[in-house]
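Q: Below are the structure tokens for one structure; questions will follow.
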Amino acid sequence: MKQLASLSMAQIRGYFRDRTTLFFTFFLPLIFLGIFGLVSSNSNVSKTEVGIVGNGPLISALPKDVLKFENYKDEATAREAVRKGDSPGAFIESGNNVTLVYATTDATSAGILQGIATSVINSANLQAAGVTSPAYQLNATAVESEDLKPIEQLTPGIVSWAIATSACFGAALTFISWRDKQLLRRLRLAPMPTFTLICSRLAVAILIAIIQAAVFFAIAAVAFDFTLKPNILLYLPILICGVLAFVAIGQLIGSIAKTVDSGSAIANLVVLPMAFVCGVFMPASMFPPIVQTIGKFLPLYHINEGTIDVMIRGEGVSSMLNACWPLLAFALVIGAIATKAFRWEK
Amino acid sequence: MKTAIKVADVKKAYGNTKAVDGISLEIEQGEFFGIIGPNGAGKTTLLEIIEGLREADSGQVELLGAKPWPRNKALLPRIGVQLQASAFFEKLTAREQLDSFADLYNAPRRTDEMLELVGLTEKAKTPDDKLSGGQKQRLNIACALVHDPEVVFLDEPTAALDPQARRNLWDVLRNIQKQGKTIVLTTHYLDEAEILCDRIAVVDKGKVLALDAPANLVRGLEAPTKISLPSGAISADEANQIGAVETASDDGVSVTLVTRDSAGVLTELSNRNLLHGISVHSATLEDVFLSLTGREYRA
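These protein sequences, in sequence, are chains A and B. In this text, residue positions in the first sequence follow this note's numbering: the first is 6, and each later residue adds one. In this text, residue positions in the second sequence follow this note's numbering: the first is 6, and each later residue adds one.
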């Protein structure tokens, strides 16, 4: 116990005294959270921009809640703006006609603009024809969606990614640098079981992960508009199982790589693509089905899904278990391989 | 005196290289034992086999009456090892390093005592990366001693240190021996082995070439002594007249007399009142190495 405490304490002290590690553990994920958070909160309320020329009845009838107007003095300037890509399209009113010019590069916006223009002109035609009660009518009602806001998807994603990165890099680089400077050898000369060495790394990694999760969730909840439904008792097991899985990966990398540089290169090569495939930075539903299937076999996917389930959706024990089992299985398999591959000496 | 270490016909090869090629030796408890030889002589491999960090291909090793390989957890607290690299925890102060290592051995913390022994009391709060090379090496040795082992292994503790730092470290090593510990030291500095060690083994290409007290090794050579006087104090011809002088030469800086009877020559020079500015060079371990291998010693 004294050995475990001493070894863990030595690592924690070293960790919190190293500015570079602190940057990658806390500030880089925060910067990501800030950037992605701002981008997504912007796109959430985004209106389609459109250029307008003239202010007759048709232009005035355009809906202001979905469009953002940019006034141009004549048709030529409006066309030029569309051509340069400043506006996705422009409405030019001349008498009873409205001309829509649109950029071919932005098909979605063009579609929206065409739809809006058609409906405005149709209702103007109906009015002109004196129709007060049309035969066909559209009834639209809003429904509370299960779908998450981008920021609610993003925050657990970045927290999960940050935790996975720290656990993996921490384990890999510690073992490599300790082997490199013969500290592993020196520890082997102390009457201490190998198990204690691994446990101390796990203890340190879990502690760091808990601090990361607390800091990131707190900041995100304050800075962005979303409600956490945090259940810490359910989240903790997911966090711990996730750390186990990524410490195992880190340990394996630490056994394979010979230098700190190659170790961090391999760790990047493993964690970064995994982060994308597992839908950490953007929802996995945007990817082709094969990629989504691959993601489900990777640990980061389960940390992320579990975190969203218990921290955002407020789901219960079964969601927690759904995330923990795959993570534990992954940790056991990789951990066993890593233990086989472990080397004390260069 | 009891035997601390017994090595019998130990061999270890890496591919075609015979790092240790049939070495046998015994080290007494309380002895300061030196293993000297040039780089690549097999010193470190031999040490690692004795410490239990490596398995010998063949032969027997007994350390404090037990086998060090496979890893023997009962034996580990009784030995202290200073490895060639300074194996410290990142970003920890000298005090924290010593505390950590004491805890890893479940030993009482003797941090202040250790810092004083190696002369680092004032550096207690300095992190490892802010220590000089000599200070690091002393802390490294303190970390090897913190659990109060019976046998201490020091692998080239003075390598890459400046002369002043080396001499400081020698004082530390002498103090450790005074505490009654057995010390096994490897070095490629022959002068160091001559000054510090009770007995030394001269190792080259994985074999022990000679094993004895340094003075005995040098004496066994029966090498001539060189006596130098300031040039012009005596002419070379005149010096050759002295019975015991084998050769005499004057290079313009000093006159050098070569003799196997230095007492006789010194008496004769004293009679002529020529002892002012005189210096006497007897054979050193370098000469021993030269005569054993037939080549110049290169560290």
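Yeah, the Cβ is synthetic: ideal placement off N, Cα and C, and Gly gets one too.
Run through the DSSP bridge pairs and tell me what residue 188 (chain B) is partnered with.
A: Indexing the second sequence from 1 puts residue 188 (chain B) at position 183. Beta-bridge pairing links residue 188 (chain B) to B:37, B:157.
Q: Does DSSP classify residue 283 (chain B) as helix, strand or coil?
A: Walking along the second sequence from the start, residue 283 (chain B) turns up at place 278. Note: residue 283 (chain B) maps to coil in three-state DSSP.
Q: Please check the pair residue 81 (chain B) and residue 69 (chain B), which I expect to be a contact at CB under 8 Å, by giving their CB distance rounded to whole angstroms.
A: Your numbering for residue 81 (chain B) matches position 76 in the second sequence. Your numbering for residue 69 (chain B) matches position 64 in the second sequence. Not confirmed; about 11 Å, so no contact.
Q: Applying the criterion that 16 or more other CB atoms from any shown protein chain within 10 Å of the CB defines a buried residue, is residue 183 (chain A) buried or exposed?
A: Here the question's residue 183 (chain A) lines up with position 178 in the first sequence. Answer is buried; the Cβ neighbour count reaches 16.
Q: Give me the chain B residues within the contact set of residue 11 (chain A), using Cβ-Cβ distance strictly less than 7 Å, ordered along the chain.
A: As a first step, residue 11 (chain A) must be located in the first sequence, where it is residue number 6. Residues of chain B passing the Cβ test: 105, 108, 109.
Q: Interface residues of chain B around residue 186 (chain A) at Cβ under 7 Å?
A: If you number the first sequence from 1, residue 186 (chain A) lands on position 181. Correct list: 90, 92.
Q: Round the Cβ separation of residue 189 (chain B) and residue 158 (chain B) to the nearest angstrom and send it over; I've been treating them as touching at under 8 Å.
A: Looking up residue 189 (chain B) in the second sequence gives position 184. Looking up residue 158 (chain B) in the second sequence gives position 153. Right, their Cβ atoms sit about 5 Å apart.
Q: Name, please, each residue of chain A whose Cβ falls closer than 7 Å to the Cβ of residue 332 (chain B).
A: Limits of chain B in this structure are 6 at one end and 304 at the other, which puts residue 332 (chain B) out of reach.
Q: Using the rule of at least 16 other Cβ atoms within 10 Å of the residue's Cβ for burial, across every protein chain shown, is residue 6 (chain A) buried or exposed?
A: Residue mapping note: residue 6 (chain A) aligns to position 1 of the first sequence, counting from 1. Classification for residue 6 (chain A): exposed.
Q: For residue 9 (chain B), is the classification buried or exposed, using 16 other Cβ atoms within 10 angstroms of its Cβ as the cut-off for buried?
A: Position 4 of the second sequence, counted from the first residue, corresponds to residue 9 (chain B). That one is buried.
Q: If you draw a straight line from the alpha carbon of residue 201 (chain A) to that of residue 196 (chain B), how long is it in whole angstroms?
A: Locating residue 201 (chain A) in the first sequence gives position 196, where the first residue counts as 1. Locating residue 196 (chain B) in the second sequence gives position 191, where the first residue counts as 1. If I take the Cα positions, the gap works out to 43 Å.
Q: Residues of chain B with a CB under 7 Å from the CB of residue 256 (chain A): which are they?
A: Counting from one through the first sequence, the residue named residue 256 (chain A) turns up at place 251. Simply none; closest approach about 18 Å.
Q: Can you tell me where the alpha helix (DSSP H) holding residue 266 (chain A) begins and where it ends?
A: The count along the first sequence starts at 1 and reaches residue 266 (chain A) at position 261. Residue 266 (chain A) -> alpha helix (DSSP H) spans 265-282.
Q: Between residue 171 (chain A) and residue 30 (chain A), is the Cβ-Cβ spacing less than 8 Å?
A: If you number the first sequence from 1, residue 171 (chain A) lands on position 166. If you number the first sequence from 1, residue 30 (chain A) lands on position 25. Cβ distance < 8 Å, so residue 171 (chain A) and residue 30 (chain A) count as in contact.
Q: Quick check on the burial criterion: 16 or more other C-beta atoms within 10 angstroms. Buried or exposed for residue 217 (chain A)?
A: Here residue 217 (chain A) is taken as the residue at index 212 of the first sequence, counted from 1. Under this definition residue 217 (chain A) is a buried residue.
Q: Among B:254, B:207, B:219, which one has its Cα closest to the Cα of residue 43 (chain B)?
A: For the purposes of this step, residue 43 (chain B) is identified with residue 38 of the second sequence, where counting begins at 1. Measuring from the Cα of residue 43 (chain B), the nearest candidate turns out to be B:207.
Q: Got a sec: is the Cβ-Cβ distance from residue 162 (chain B) to anything in chain A below 8 Å?
A: Taking the second sequence and counting its residues from 1, the one referred to as residue 162 (chain B) is at position 157. No - not a single Cβ of chain A is within 8 Å of the one on residue 162 (chain B).
Q: Check this for me: beta carbons of residue 315 (chain A) and residue 240 (chain A), under 8 Å apart or not?
A: Residue numbering aside, residue 315 (chain A) sits at position 310 when the first sequence is read from its first letter. Residue numbering aside, residue 240 (chain A) sits at position 235 when the first sequence is read from its first letter. It is a contact, given that the beta carbons lie within the stated cut-off.
Q: In three-state terms, what does DSSP make of residue 204 (chain B)?
A: What you label residue 204 (chain B) is simply residue 199 of the second sequence in a count that begins at 1. Three-state result, residue 204 (chain B): strand.
Q: The region 201-228 of chain A: which residues have C-beta closer than 7 Å to a C-beta of chain B, in chain order?
A: Per Cβ criterion, the list is empty.
Q: Spatial neighbours of residue 226 (chain A) within its chain, please: C-beta separation below 6 Å, excluding the five flanking residues on both sides.
A: Counted from its first residue, the first sequence places residue 226 (chain A) at position 221. Contacts found: 233.
Q: With a cut-off of 8 Å, do at least 3 Cβ pairs link the region 125-132 of chain B to the region 159-177 of chain B?
A: The region 125-132 of chain B vs the region 159-177 of chain B: no contact.
Q: Taking the beta strand (DSSP E) that residue 254 (chain B) belongs to, which residues open and close that run?
A: Taking the second sequence and counting its residues from 1, one reaches residue 254 (chain B) at position 249. It spans 250-255 - the beta strand (DSSP E) in which residue 254 (chain B) sits, taken as one unbroken run.
Q: Looking only at its chain, what residues have a beta carbon closer than 6 Å to the beta carbon of residue 133 (chain B), apart from the 5 residues adjacent to it on each side?
A: Counting from one through the second sequence, the residue named residue 133 (chain B) turns up at place 128. Cβ neighbours of residue 133 (chain B) beyond the five flanking positions: 93.
Q: If we define contact as Cβ-Cβ less than 8 Å, is residue 19 (chain A) a contact residue for chain B?
A: Within the first sequence, residue 19 (chain A) is the residue found at index 14, counting from 1. It does: the Cβ of residue 19 (chain A) has a partner Cβ on chain B nearer than 8 Å.
Q: What residue from B:244, B:102, B:86, B:187 has the CA that sits closest to residue 56 (chain B)'s CA?
A: The residue given as residue 56 (chain B) occupies position 51 in the second sequence. The shortest Cα separation from residue 56 (chain B) among B:244, B:102, B:86, B:187 belongs to B:86.
Q: Do you know offhand how far residue 219 (chain B)'s Cα is from residue 301 (chain B)'s?
A: Position 214 of the second sequence, counting from 1, holds the residue named residue 219 (chain B). Position 296 of the second sequence, counting from 1, holds the residue named residue 301 (chain B). Approximately 18 Å, taken between the alpha carbons.
Q: State the start and end residues of the unbroken alpha helix (DSSP H) segment that holds residue 221 (chain A).
A: Counted from its first residue, the first sequence places residue 221 (chain A) at position 216. It spans 199-228 - the alpha helix (DSSP H) in which residue 221 (chain A) sits, taken as one unbroken run.
Q: List the endpoints of the continuous beta strand (DSSP E) containing residue 314 (chain A).
A: In the first sequence, counting from the first residue as 1, residue 314 (chain A) sits at position 309. That residue, residue 314 (chain A), is in no beta strand (DSSP E); it is neither H nor E in DSSP.
Q: Could you tell me whether the Cβ of residue 3 (chain A) comes closer than 8 Å to any Cβ of chain B?
A: Lying outside 6 to 351, the shown extent of chain A, residue 3 (chain A) is not represented and no answer is given.
Q: Sort B:230, B:257, B:258 by Cα distance to residue 285 (chain B) and report the nearest one.
A: Position 280 of the second sequence, counted from the first residue, corresponds to residue 285 (chain B). Among B:230, B:257, B:258, the Cα nearest to that of residue 285 (chain B) belongs to B:230.
Q: What is the DSSP secondary structure of residue 84 (chain B), counted as helix, strand or coil?
A: Taking the second sequence and counting its residues from 1, the one referred to as residue 84 (chain B) is at position 79. Strand, per DSSP.
Q: Kindly identify the DSSP beta-bridge partner or partners of residue 141 (chain A).
A: As a position in the first sequence, residue 141 (chain A) is number 136, starting the count at 1. For residue 141 (chain A), which the question treats as bridged, DSSP gives no partner whatsoever.
Q: Quick one: using the 10 Å Cβ neighbour count with 16 as the cut-off for buried, is residue 49 (chain A) buried or exposed?
A: Translated into positions along the first sequence, residue 49 (chain A) becomes position 44. At residue 49 (chain A), the pLDDT of 48 sits below 50, so the modelled position is not reliable; the number obtained from the coordinates is stated separately. Answer is exposed; the Cβ neighbour count stays below 16.
Q: Any idea what DSSP makes of residue 94 (chain A), helix, strand or coil?
A: Taking the first sequence and counting its residues from 1, one reaches residue 94 (chain A) at position 89. Three-state DSSP puts residue 94 (chain A) in a strand.
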